[in-house]
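2 protein chains.
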Amino acid sequence: MIRTPYLLFLGDAPDQLTAKVAQGIADWNPENVVGQYRMPGCQADVGASDMTLQEAYDKGARTLVVGVANRGGVISEAWLTVLAEAMEIGFDLASGLHNLLRDEDVLKATSARSGATLHDVRVPSVAYPIADGNKRSGKRCLAVGTDCSVGKMYTGLAMNAEMEKRGLKSTFRPTGQTGILITGKGVPLDAVVADFMAGAVEWLTPDNDADHWDHIEGQGSLFHISFSGVTMALIHGGQADALILAHEPTRTHMRGLPDYPLPSLEALRDMVLPLAQIANPDVVIAGVSVNTKALGDAEAAKACQNIEDRMGLPTVDPFRHGAGRLVDALVAL
Amino acid sequence: MIRTPYLLFLGDAPDQLTAKVAQGIADWNPENVVGQYRMPGCQADVGASDMTLQEAYDKGARTLVVGVANRGGVISEAWLTVLAEAMEIGFDLASGLHNLLRDEDVLKATSARSGATLHDVRVPSVAYPIADGNKRSGKRCLAVGTDCSVGKMYTGLAMNAEMEKRGLKSTFRPTGQTGILITGKGVPLDAVVADFMAGAVEWLTPDNDADHWDHIEGQGSLFHISFSGVTMALIHGGQADALILAHEPTRTHMRGLPDYPLPSLEALRDMVLPLAQIANPDVVIAGVSVNTKALGDAEAAKACQNIEDRMGLPTVDPFRHGAGRLVDALVAL
Chain A
1 MIRTPYLLFL GDAPDQLTAK VAQGIADWNP ENVVGQYRMP GCQADVGASD
51 MTLQEAYDKG ARTLVVGVAN RGGVISEAWL TVLAEAMEIG FDLASGLHNL
101 LRDEDVLKAT SARSGATLHD VRVPSVAYPI ADGNKRSGKR CLAVGTDCSV
151 GKMYTGLAMN AEMEKRGLKS TFRPTGQTGI LITGKGVPLD AVVADFMAGA
201 VEWLTPDNDA DHWDHIEGQG SLFHISFSGV TMALIHGGQA DALILAHEPT
251 RTHMRGLPDY PLPSLEALRD MVLPLAQIAN PDVVIAGVSV NTKALGDAEA
301 AKACQNIEDR MGLPTVDPFR HGAGRLVDAL VAL
Chain B
1001 MIRTPYLLFL GDAPDQLTAK VAQGIADWNP ENVVGQYRMP GCQADVGASD
1051 MTLQEAYDKG ARTLVVGVAN RGGVISEAWL TVLAEAMEIG FDLASGLHNL
1101 LRDEDVLKAT SARSGATLHD VRVPSVAYPI ADGNKRSGKR CLAVGTDCSV
1151 GKMYTGLAMN AEMEKRGLKS TFRPTGQTGI LITGKGVPLD AVVADFMAGA
1201 VEWLTPDNDA DHWDHIEGQG SLFHISFSGV TMALIHGGQA DALILAHEPT
1251 RTHMRGLPDY PLPSLEALRD MVLPLAQIAN PDVVIAGVSV NTKALGDAEA
1301 AKACQNIEDR MGLPTVDPFR HGAGRLVDAL VAL
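If you read the sequences in order, they're chains A and B.
Under my numbering, the residues of the first sequence are numbered 1 to 333, in order.
Under my numbering, the residues of the second sequence are numbered 1001 to 1333, in order.
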């Protein structure tokens, strides 16, 4: 668990895209953001108040979150100076960088001296159990994709936000680095050891109120041969009551695999349902989430309508059209 | 790669079952076994010649393999004395124990001084790549089970032995600790980090002669919710040309999961084939391997015949009836 609220560290980001993780936190969890910290030359701005480390600490910020990619995979001297100073003031540090904070001598030493915690969220910090398959109380929704990177995280975040807006009981359950930094907790599933993947998902989505929904962040795809094992563990560890099919209609082949064609939504439906029924015989497919970023408004509406007609399932782009109809489908179960 | 041949360390095993791993090595790879080393009180015997460390070394043995479970999860002082002495003589050590050799100070120190290698085969020693899904030359066969522990390793070993006997090109590819110790190499798949599982299987089964068969050791089951992700990675990383369905007909529920019924062989066939076709559209189900250990001779024959009639596939218990008909099915492809 990462202490909140956050000060977002944007470093010397050369452009907005480099600060994508910080932007995700600012968009999806603004109540946990006290401000942003920008170094000289920073070209990114996630819309939070600029402040110094001490100002942010005085306003209650407790973790400095590295929400920015580092150039060339190196944590620069300039960054290290700021990060160490933050720990001296009283901040913990959190990062989803490939380079680990704990591998930097100066950060490790400062952490030891100051008592600050270093959260490298790419590395599991929990000894997850082996999955036991016991039925858990409460409801769970999982987005599964025809491919990787088709909007599964966004779908879960949007459905969770919509449920919270309606006053329904709901929690987003991150399984990747960005999601973990957005919410402050979760499981970095792609870094978990094989035997414990499904158990990690069970651990992430424990017993809850009967009318509470977990929105589990999906990973990979059953049709993506590099990562299908991770998807499988989510399906069985997650014991989903509802599945959302996620799709990007303009993609021509599986991400990073030019020889592998994209499956149809029908093929995904027919593959995932019997697998999910092993863990929960009552599971249903509740809707379709379409990532229409590459389409104009009219095309996007038409793409969703075509899929809805074919599949007989509520179909929306949650970013463009809102997640309301997907949430309606869950509530109606 | 573990140096061969081996001296099998049976320690002070209180019974034969405790030395199951050593027995597997003696059964499946006798040409790599120079002898066995038994301490006072040892009640196990795998049928190899008893010898001292020095005798075995002089006969060419180069690795002392801990082929026995340790009591209470502790490597005893008595064992440590023998293991350290072996390294001083010139042996490497290999072990599939949960406790790692490298975590024992005396072994680590002796290894550093003598230059001996400590092989803890439960821990991956390779930085496996992410799977790229590229088509590889050569043929691959994978056993998939209705459950865990239904004889998948045994099936692969038996088919490989039969092919070698016929002079065909064939390699057994271990994915678990016992298989790795039997052959001296392999991938401890259940200990690989999630993102690299399928890539580890690709690494294990590289390009080969067009008429060469890899027999990939199966793990878990698509129907076993604790480990299905590992099975999935084997199916996609393995790019199997042929699948063997493995089954234990007397089991009443999934291993360790009393609430989960065993699937039928038909259900396994219908689930696994479309998943395997993603990685290799030409994959076929070549036969059924039945573990009939719990049945008498007549019952075993009848069980296999019943399955063969239902499934229309050659069906044998490779331990009881030999793997000849399964190999015939591969050769006929």
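Beta carbons are placed, not taken as given, at the ideal position from N, Cα and C, and that holds for glycine.
No experiment lies behind these values; they were computed from the predicted model shown.
Are any of the Cβ atoms in chain B nearer than 8 Å to that of residue i?
i      : result
A/A86  : no
A/D195 : yes
A/A19  : no
A/S149 : no
A/Y128 : no
A/S137 : no
A/P274 : yes
A/G133 : yes
A/G357 : An answer regarding residue 357 of chain A cannot be provided, because it is not within the stretch 1 to 333 covered by chain A.
A/V37  : Looking at the sequence shown, residue 37 of chain A is not Val but Tyr. No, A/Y37 lies away from the interface with chain B (no Cβ there is under 8 Å from its Cβ).
A/I89  : no
A/D259 : yes
A/H236 : yes
A/A300 : no
A/A143 : no
Can you tell me whether DSSP reads residue i as helix, strand or coil?
i       : result
A/P249  : coil
A/R38   : strand
B/G1238 : helix
B/P1141 : Reading off the sequence shown, one finds Cys at residue 1141 of chain B, where the question assumed Pro. The answer is strand: DSSP assigns B/C1141 an E or B state.
A/F172  : strand
B/D1285 : The sequence shown places Ile at residue 1285 of chain B, rather than the Asp named in the question. Of the three classes helix, strand and coil, the one that applies to B/I1285 here is strand, per DSSP.
A/L243  : strand
B/V1082 : helix
A/S216  : The sequence shown places Ile at residue 216 of chain A, not Ser. A/I216: strand per DSSP, three-state reduction.
A/A94   : strand
A/M197  : helix
B/D1259 : strand
A/F227  : coil
B/M1087 : helix
B/G1011 : strand
A/T315  : strand
B/D1027 : helix
B/L1118 : strand
A/V21   : helix
A/V106  : helix
B/Y1154 : helix
Is the Cβ-Cβ distance between residue i and residue j less than 8 Å?
i       : j       : result
B/R1251 : B/T1205 : no
A/A323  : A/A143  : no
A/V123  : A/P40   : no
A/L7    : A/V46   : no
B/T1171 : B/G1024 : no
A/G138  : A/M197  : no
A/L181  : A/G73   : no
A/D334  : A/K169  : Absent from the model: residue 334 of chain A. The displayed extent of chain A is 1 to 333, so no value can be given.
B/A1048 : B/A1026 : yes
B/L1295 : B/R1269 : no
Taking residue i as the reference, give the member of the options with the closest Cα.
i       : options                               : result
B/F1223 : A/V193, A/L326 and A/P281             : A/P281
B/G1312 : B/G1287, B/S1226, B/A1279 and B/I1225 : B/G1287
A/T175  : A/A191, A/D207 and A/P258             : A/A191
A/Y128  : A/V201, A/K59, A/D103 and A/M153      : A/V201
A/L64   : A/D270, A/V74, A/L234 and A/E85       : A/E85
A/V272  : A/L243, A/A56 and A/D105              : A/L243
B/A1094 : B/Q1054, B/V1230, B/T1231 and B/A1022 : B/A1022
B/E1162 : B/A1246, B/I1225 and B/F1319          : B/F1319
B/S1149 : B/F1227, B/Q1016 and B/I1075          : B/F1227
A/R310  : A/L295, A/A267 and A/L326             : A/A267
B/G1167 : B/W1213, B/A1131 and B/S1125          : B/W1213
B/P1258 : A/A329, A/N134 and A/N99              : A/N134
A/P5    : A/Y57, A/L101 and A/D270              : A/Y57
A/D147  : A/P263, A/R325, A/Q16 and A/E164      : A/P263
Does residue i have its Cβ less than 8 Å from a Cβ in chain A?
i       : result
B/M1153 : no
B/M1271 : yes
B/S1264 : no
B/Y1057 : no
B/I1285 : no
B/I1307 : no
B/I1216 : no
- prompt: Mind listing which residues of the region 1179-1206 of chain B have their C-beta closer than 8 Å to chain A's C-betas, in chain order?
  reply: Look at the region 1179-1206 of chain B: the residues with a C-beta under 8 Å from a C-beta of chain A are L1189, D1190, A1191, V1192, V1193, A1194, D1195, M1197, A1198 and G1199.
field: Contact set between the region 1224-1253 of chain B and chain A, restricted to residues whose Cβ is under 9 Å from the partner
entry: From the region 1224-1253 of chain B, only H1224, I1225, S1226, F1227, S1228, G1229, V1230, T1231, M1232, A1233, L1234, I1235, H1236, G1237 and Q1239 have a Cβ closer than 9 Å to chain A.
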